[in-house]
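Protein chains in written order, with this note's numbering: chain A, 1 to 232; chain B, 1 to 232. Where a beta carbon is used, it is the ideal one built from N, C-alpha and C, also for glycine. Worksheet: one structure, shown below.
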DNA sequence: TTTTATTGTCTCATATTATGACAATAATTC
DNA sequence: GAATTATTGTCATAATATGAGACAATAAAA
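Following this line, the structure appears as structure tokens:
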């Protein structure tokens, strides 16, 4: 039936998600590229009429990463009436052989709810959706030009992440279950964009009483082996 | 023309605003009561198709308080599919002799963007809108039972305000242009919900280098007159 | 002139954080 | 197997910030 798609969703409302991961060196985000258009965008989607926003975003993140119930922060609404770009949306629909008339609702103005997710890089298996031909990790300091206001959404997400930097949440979601103090420090440095003092950082983390110390990690390197830690 | 109202606005999307004021003693918020219904609610509204969210909220706040361009923080989206209460909306429409069929769109599910505003209590002249018969200040610790999830929105706004307590923003927006150190301390105590140490507070504020000291304020009291300050 | 209440500013004790020093220790090199 | 290397865990000391109280200054009333 024609036009059935648009009745499933709340009109003019979408979500977009900045998915952060950490590969041990750099902070990265997932960006998708649409078939034959050269257009890059954040993963996002629409909210069904019977669905909560959080359900919708969780589902979208799961479809692209395979991860369930990841840490999500809904950080800002972007609602400039001119933020949407109908011509870009049409290009994507055409490149995917979609009926324009049928999908006209997608070219309307959209208010979007910006989220960021923190996920364990190693567990992710990025999967493009039916409109895009790739979804890939990009260094946070090397993000390509994105559609509409998505670059602004990324900047804002990083800003909020930096301000809300809670030791436990960041560590628990961006790191593997067991990690060295050095790796923990490297996540913080990657997020904050500057180096930290080793001794102060270590003392601070230990004093917070959120870490559990485990066995040492023998990496086969010619120096003292570090302890492994997990979050309590 | 029937049903023309709903075409003006983005469907299923609203804003609500917790408007904070400080009367010198208590932190207060503005709450409106609907004609002949006993229903209390936060001031809120809808977003026109050609309007940004911020424009819509600024306009709503101005209509109820007479104040333009007040400090606004868009702090959270509330999007539970069951948060809306169609029966309450119908009661309000009936009490105002509105055509139910014509306004059926108002009883649909709404996703709302929660905001809080900080305003100078003294400058406000509260004005009820066409559906409500009063808009009044309530102590933050004595808020009545509100419609839908509005009590939750208030709690969340206060929580965010407490966490985001930036000296300058709070002082500049909740206080008159010139104020004593004591009044400044009282705003902070009203927001935080606990007392602060006078000497430490004073030293802290002065060390931040955000205050300009002016002439003394002679209140006609039998003690040393305090200086007046403004924000730089 | 004395009293009263409050203000502005110290002082000293007590955290907290910065900075550097240093011993401990896996693995490599000789 | 002893010396070397790179890194880790921890401590010592200095610099800052905060907590808690003391006290003199002072505007108006008694």
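List the residues of chain B that residue 200 (chain A) touches, going by C-beta distances under 9 Å, in chain order. The premise fails here: residue 200 (chain A) is roughly 22 Å from chain B at the closest Cβ pair, so nothing lies under 9 Å.
Helix, strand or coil at residue 221 (chain A) [DSSP, three-state]: coil
Return helix, strand or coil for residue 183 (chain A), following the three-state DSSP convention. helix
Cβ separation of residue 177 (chain A) and residue 134 (chain A), assumed to be a contact under 8 Å, to the nearest whole Å: Going by Cβ atoms, the distance from residue 177 (chain A) to residue 134 (chain A) rounds to 29 Å, so no, they are not a contact pair.
DSSP on residue 201 (chain B), reduced to helix/strand/coil? helix
Assigned exposure category for residue 31 (chain A) - 16 Cβ within 10 Å defines buried: buried
Endpoints, the beta strand (DSSP E) within which residue 216 (chain B) is located: 211 to 216
Taking residue 156 (chain A) as the reference, which of A:180, A:126 and A:140 has the closest Cα? A:140
For the putative contact between residue 46 (chain A) and residue 9 (chain A), defined by C-beta atoms under 8 Å, what is the C-beta separation to the nearest angstrom? 4 Å
Interface flag, residue 52 (chain A) vs chain B, CB-CB below 9 Å: yes
Under the three-state reduction of DSSP, which class applies to residue 115 (chain B): helix, strand or coil? In the structure shown, residue 115 (chain B) falls within a strand segment according to DSSP collapsed to helix, strand and coil.
Extract the residue ranges of the alpha helix (DSSP H) inside the segment 70 to 107 of chain B, only unbroken runs of 4 or more that lie entirely within it. 86 to 95
Can you tell me which of the three DSSP states residue 20 (chain A) falls into? Residue 20 (chain A): strand per DSSP, three-state reduction.
Taking Cβ positions only, does residue 74 (chain B) come closer than 9 Å to chain A? Chain A contact via Cβ: present.
Tell me whether the beta-carbon of residue 188 (chain B) lies closer than 9 Å to the beta-carbon of residue 170 (chain B). yes
What residue from A:190, A:70, A:202 and A:93 has the CA that sits closest to residue 119 (chain A)'s CA? Closest by alpha carbon: A:70.
Counted within 10 angstroms of its Cβ, other Cβ atoms place residue 115 (chain B) as buried (16 or more) or exposed: Classification of residue 115 (chain B): buried, given that the 10 Å Cβ count is 16 or more.
For the 8 Å Cβ check, are there 3 or more pairs between the segment 178 to 197 of chain B and the segment 19 to 37 of chain B? yes
Decide if residue 144 (chain B) is buried, meaning its Cβ has at least 16 other Cβ atoms within 10 Å, or exposed. Exposed: under 16 other Cβ atoms inside 10 Å.
Assess, as a yes-or-no matter, whether the segment 149 to 165 of chain B is touched by the segment 98 to 117 of chain B under the definition of 3 or more beta carbon pairs within less than 8 Å. yes
Per the DSSP calculation, residue 31 (chain A) is bridged to which residue(s)? Paired residue(s): A:136.
Contact criterion: CB-CB distance below 9 Å. Does residue 2 (chain B) meet it with respect to chain A? The pLDDT assigned to residue 2 (chain B) is 39, lower than 50, so where the model puts this residue is not dependable, and the model offers no usable value.
How would you label residue 150 (chain B), buried or exposed, when you count the other beta carbons within 10 angstroms and need 16 or more for buried? buried
Coil, strand or helix - residue 171 (chain B) by DSSP: helix
Of the choices A:207, A:137 and A:146, whose alpha-carbon is the least far from that of residue 167 (chain A)? Among A:207, A:137 and A:146, the Cα nearest to that of residue 167 (chain A) belongs to A:207.
Proximal residues, the segment 58 to 86 of chain A versus chain B, C-beta separation under 8 Å: 74, 76, 77, 79, 80 and 81
Check each candidate in B:224, B:223, B:179 and B:192 and name the one with the smallest Cα separation from residue 214 (chain B). B:179
Start and end residues, beta strand (DSSP E) containing residue 44 (chain B): 44 to 48
Relative to the C-alpha of residue 122 (chain A), which residue among A:102, A:11, A:22 and A:130 is closest? Selection A:102, A:11, A:22 and A:130 evaluated against residue 122 (chain A) yields A:22 as nearest (Cα-Cα).
Do residue 107 (chain B) and residue 86 (chain B) have their C-beta atoms within less than 9 Å of each other? yes
Helix, strand or coil, according to DSSP, for residue 164 (chain B) in the structure here? Secondary structure of residue 164 (chain B) (DSSP, three-state): coil.
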